[in-house]
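Below is one structure, written out as structure tokens; comments come after it.
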């Protein structure tokens, strides 16, 4: 069974702030997919994290 993912982006105003922003996101379960430098010296990071599969409902037969 393959994992389902949710995606997010983070914008760092300066390249120097990328590590701090990614560290905070990583603490919340986010994984870096890629990062692009944007004009003006900042960066945009694309992140993903697994979505927990829905819990199966048990069918309880009424007796």
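In this note's numbering, the protein residues as written are 1456 to 1518. Virtual Cβ for every residue (Gly too), placed ideally from N, Cα, C. Keep in mind it's a predicted model, so treat the numbers as computed, not measured.
Keeping to the same chain, check which residues put their C-beta closer than 6 Å to that of residue i; ignore five residues upstream and five downstream.
i, result
"residue 1459", "1506"
"residue 1491", "1499"
"residue 1501", "1464, 1488 and 1489"
Mapping DSSP to helix, strand and coil, what is residue i?
i, result
"residue 1524", "Past the boundaries of the shown model lies residue 1524; the chain is included only from 1456 to 1518, so the question cannot be answered."
"residue 1498", "strand"
"residue 1458", "coil"
"residue 1507", "coil"
Strictly by DSSP, which residues pair up with residue i?
i, result
"residue 1488", "Residue 1488 pairs with nothing; no bridge assigned."
"residue 1470", "Partner(s): none; residue 1470 has no beta bridge."
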